[in-house]
Amino acid sequence: MPGSHDTEPAGPAEILLVEDEPSDADLCQRALARKHLASRITWVKDGADALDFLSARGQWAGRDAADLPRLVLLDLKLPRVNGFEVLRQIRADLRLTGLPVVVLTSSAQEGDIIESYQLGANSYITKPVDFASFQHTIEETGLYWMTLNQVPQTSR
Amino acid sequence: MAADSDRAAVREQANLQSVEQTAFRFLDAVPVGIFITAADGQPYYANPEAVRLLGRGVLPSASPPDLSESYQVTVRGTDIPYPAERSSLIAALAGHTTATDDAAIRRPDGTVVPAEIWSAPLTGPDGSVEFAITAFVDVSGRLHAEEALQAVQEQFHASVEVLSDGFALFSAVRDAGGRIADFRYEYINEAACRMDLRTREETVGHTLIELFPGCVPAGLFGAYAEVAGTGEPLVREDVDYEDVYGGRRVARAFDIRAVKLSDGIMVTWRDVAERRQAQELLARQAAELERAAAELEERVRSRTADLVRSNQELESFGYSVAHDLRTPLRAIQGYSQILLDEHAGQLDEDGQALLRDVGRYTGRMSELIDDLLALADVGRRDVECARINMTALTESVVADLRPTLADGWRPAVDGWPAIVVSGLAGAVGDPALIRQVWANLLSNAVKFSAGQPFAEVSVTSETTADEVIYHVRDNGVGFDMAHAGELFGTFHRLHGAEFAGTGIGLAIVSRIVGRHGGRVWAEGHVNGGACFSFALPVRQPVSEV
Chain A
922 MPGSHDTEPA GPAEILLVED EPSDADLCQR ALARKHLASR ITWVKDGADA LDFLSARGQW
982 AGRDAADLPR LVLLDLKLPR VNGFEVLRQI RADLRLTGLP VVVLTSSAQE GDIIESYQLG
1042 ANSYITKPVD FASFQHTIEE TGLYWMTLNQ VPQTSR
Chain B
0 MAADSDRAAV REQANLQSVE QTAFRFLDAV PVGIFITAAD GQPYYANPEA VRLLGRGVLP
60 SASPPDLSES YQVTVRGTDI PYPAERSSLI AALAGHTTAT DDAAIRRPDG TVVPAEIWSA
120 PLTGPDGSVE FAITAFVDVS GRLHAEEALQ AVQEQFHASV EVLSDGFALF SAVRDAGGRI
180 ADFRYEYINE AACRMDLRTR EETVGHTLIE LFPGCVPAGL FGAYAEVAGT GEPLVREDVD
240 YEDVYGGRRV ARAFDIRAVK LSDGIMVTWR DVAERRQAQE LLARQAAELE RAAAELEERV
300 RSRTADLVRS NQELESFGYS VAHDLRTPLR AIQGYSQILL DEHAGQLDED GQALLRDVGR
360 YTGRMSELID DLLALADVGR RDVECARINM TALTESVVAD LRPTLADGWR PAVDGWPAIV
420 VSGLAGAVGD PALIRQVWAN LLSNAVKFSA GQPFAEVSVT SETTADEVIY HVRDNGVGFD
480 MAHAGELFGT FHRLHGAEFA GTGIGLAIVS RIVGRHGGRV WAEGHVNGGA CFSFALPVRQ
540 PVSEV
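Going down the list, the protein sequences come from chains A and B.
The working numbering puts the first residue of the first sequence at 922, with every later residue one more than the last.
The working numbering puts the first residue of the second sequence at 0, with every later residue one more than the last.
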């Protein structure tokens, strides 16, 4: 289903959505679609898959490893490899040091926030329970990172 | 010659008379009653002391065997005339020298003189009894002394025998070199006999080492000898002593005291076995009690730990349930909204209304979940106390409240309640948590009074010795005091759907105040307004804010 509703031509993935909950992933993609950001989303369901994608391994072996997304939306509670470990491995990889990672989670616990920033997260967003707020938050986040935020050209 | 011999005889006679006179003069001076009778018993001479003791002079008519009666001599202590057959005077007239010490003389003035009487015969050249001499003395002084001594002895016996401690008097037994070789029992009391398992007869006259050889190796004999030698008293407690008692070797324990007494010692001792047993029992009981207390404490600790753990588990379960409910809820909310937004054309009016209801109910559920999480959070987080400026805090909460009211709760009918905050006393508490208390109480007060004419919410405080008390009073719809107890329970709502809310706000207030060691209560009347109060204990802050 990821990207199935978009009508724009598929290009290189610009947003990597790491989310194990299908409904959240779907609502997220729908919200981004409203701002025409959905065409460039790749959705993976766990931390291991996310790392495989970024390193062009496993099922993503055919991908060009140099082709990095512009944004990673990362849940923390993930099967196999959790969000903190994904963050740690991204920041440990010189190729990925400049990659913007936004933690998007239902946890609002202080400890999770602190650890995320210590591991090098660029932003930390708690998913609002209410759908309207959730939709709004995802739209704003997508727009900010995809349109306003500047990243060095070398990190791409 | 005859004249010579006559003269000689006369001189002899005169000499004799003179000797007799001289003898009588001597006898007159003797401080003993002297009474001389002729062989026939007729009184011959009585010296002044005899006259004084008898209370009467020589009675010429008196003769044996009526002497006792004549001179009122009685058996001492009775009125019985002294029997002639026991009379020493009569015995003396019969040629015997005897003494008696059981007679008394009753004088004419009524006084009675106890007397010791001695009589002896005076024989002539032919050996026949010519006179009997009787000497007697007043023994009342001696008798008094004897009585006094006996009284002292009786007191001594009574005192010593009444003791439950053992008591013994010992005389020192010295060897040829004058050194103390042993002690002889002179006296022992009944308690001592019981303890020693020996009768008085088996003890008195025997020696210490003979009866208790164990006293030498135990050092007791040496200690006693030192008391007798130096005069220094001995005081020893809890002396362990082992010896043969009643044919059996027994280990015992005594408290012992000894003092020097003439050439010997006086010893008292007390068997402390019972005291020891009592002490041991007491110690055992104390240990037992201590163990039981420790066990109880441990059980309480373990139970408390169990409770804390299960409470934490429950809270963490509640938290994760509430937390995990959010995702599916968001999906339901999201998809029904998307249906309305993007597919409304395919639904009829009723279908659209149903979808809007789904949205409303999920919205309410999301509110409930948020409140439940907030409630759980109060239990989970640490209370970090600081001094709080309550006036500033309350005003800041009121300021935050206004836009919320404007958006949601403000009923169309009337304006805002006026919120009046008097200068509030400060308190010590967790600023973030106490802020939540004010937010919940003030939003409640506003919610239930808005729409009333002249709606007003007033906030006041009072300080007592150990509490700072805050009141939030409104003139709104109030409540029935019959339900006052339920107000602070979870999900308790006294009003229906006309007022928004989940019924958790006051539960949060109660839990926060409870975690501060304070208390909450409410008063109200139906349509008569309500007053919610909470009290925080007066205490020192951990840090200043």
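By construction, the Cβ of each residue, glycine as well, lies at the ideal position given by its N, Cα and C atoms.
Taking the Cα of Thr1047 of chain A as reference, the smallest distance to any Cα among B:Arg325, B:Ile503, B:Ser86 and B:Arg251 is reached at B:Arg325. Taking the Cα of Ala464 of chain B as reference, the smallest distance to any Cα among B:Leu535, B:Arg386, B:Ser139 and B:Arg298 is reached at B:Leu535. Residue state for Ala391 of chain B is assigned as helix, using DSSP reduced to three classes. With respect to the 9 Å criterion, Glu942 of chain A and Met1067 of chain A are not classified as neighbours on the basis of their beta carbons.
Distance check between Asp39 of chain B and each of B:Asp305, B:Asp101, B:Arg302 and B:Phe130 places B:Phe130 closest, using alpha-carbon atoms only. The beta-carbon separation of Asn474 of chain B and Ala454 of chain B, rounded to 6 Å, stays under the 8 Å limit for a contact. The beta carbon of Ser315 of chain B does not come within 9 Å of any beta carbon belonging to chain A, so the residue lies off that interface. Contact note: Glu942 of chain A reaches chain B through Thr326, using a C-beta cutoff of 7 Å and chain order.
As a beta-bridge residue in DSSP terms, Arg269 of chain B pairs with B:Asp254. Contact of Ile503 of chain B with chain A is not assigned, every C-beta pair being separated by 9 Å or more. According to the DSSP assignment, Ile368 of chain B belongs to no beta strand (DSSP E) but to the alpha helix (DSSP H) extending over Glu348 to Arg379. Taken through DSSP and simplified to helix, strand or coil, Phe220 of chain B comes out as helix. For Ile507 of chain B, no chain A residue has a Cβ inside 7 Å of its Cβ, as the nearest lies near 17 Å away. Straight-line spacing of the CA atoms in Gln1071 of chain A and Leu486 of chain B works out to 54 Å. Counted as a single uninterrupted DSSP element, the beta strand (DSSP E) harbouring Ser460 of chain B occupies residues Glu455 to Thr462.
When DSSP assignments are scanned along the stretch 966-1003 of chain A, the uninterrupted stretches of alpha helix (DSSP H) that are 4 or more residues long and fall wholly within it turn out to be 968-976. Nearest to Leu997 of chain A by alpha-carbon distance, out of A:Leu1040, A:Leu958 and A:Leu1064, is A:Leu1040. Restricting attention to B:Val243, B:Glu200 and B:Val537, the CA atom closest to the CA of Ile208 of chain B is found in B:Val243. Exposed is the label assigned to Ile1035 of chain A, since fewer than 16 other Cβ atoms lie within 10 Å of its Cβ.
By a beta-carbon distance limit of 8 Å, Val1007 of chain A contacts Ala971 of chain A. Their separation comes to about 5 Å. The C-alpha of Thr1058 of chain A is placed about 22 Å away from the C-alpha of Tyr360 of chain B. Counting along the chain, the unbroken alpha helix (DSSP H) around Ser1054 of chain A starts and ends at Phe1052 to Leu1064.
Contact annotation for Asp369 of chain B against chain A: Val1050 [CB-CB distance below 7 Å, chain order]. Residue state for Ile331 of chain B is assigned as helix, using DSSP reduced to three classes.
Along the stretch 335-347 of chain B, the positions whose C-beta sits under 7 Å from a C-beta of chain A are Gln336 and Ile337, read in chain order.
A straight line joining the alpha-carbon of Ser139 of chain B with that of Ala102 of chain B spans about 11 Å. For His156 of chain B, the enclosing alpha helix (DSSP H) begins and ends at Ser139 to Val161.
Counting C-beta pairs closer than 8 Å gives three or more between the stretch 80-98 of chain B and the stretch 109-129 of chain B, which meets the contact rule. A Cβ-Cβ distance of about 5 Å is found for the pair Ala444 of chain B and Val471 of chain B, placing them in contact under the 8 Å criterion. In the structure shown, the three-state DSSP call for Pro536 of chain B is strand. By a beta-carbon distance limit of 8 Å, Gly54 of chain B does not contact Asp137 of chain B. Their separation comes to about 12 Å. In the DSSP assignment, Leu121 of chain B falls within the beta strand (DSSP E) that extends over Val111 to Thr122. Look at Ala431 of chain B here: in three-state DSSP terms it is helix.
Contact with chain B is found for Gln1056 of chain A, since one of that chain's Cβ atoms lies less than 9 Å from the residue's Cβ. Here Gly528 of chain B carries a coil assignment [DSSP, helix/strand/coil]. Annotation for Ala217 of chain B: Tyr240 place their beta carbon closer than 7 Å to its own, counting only its chain and skipping 5 residues before and after.
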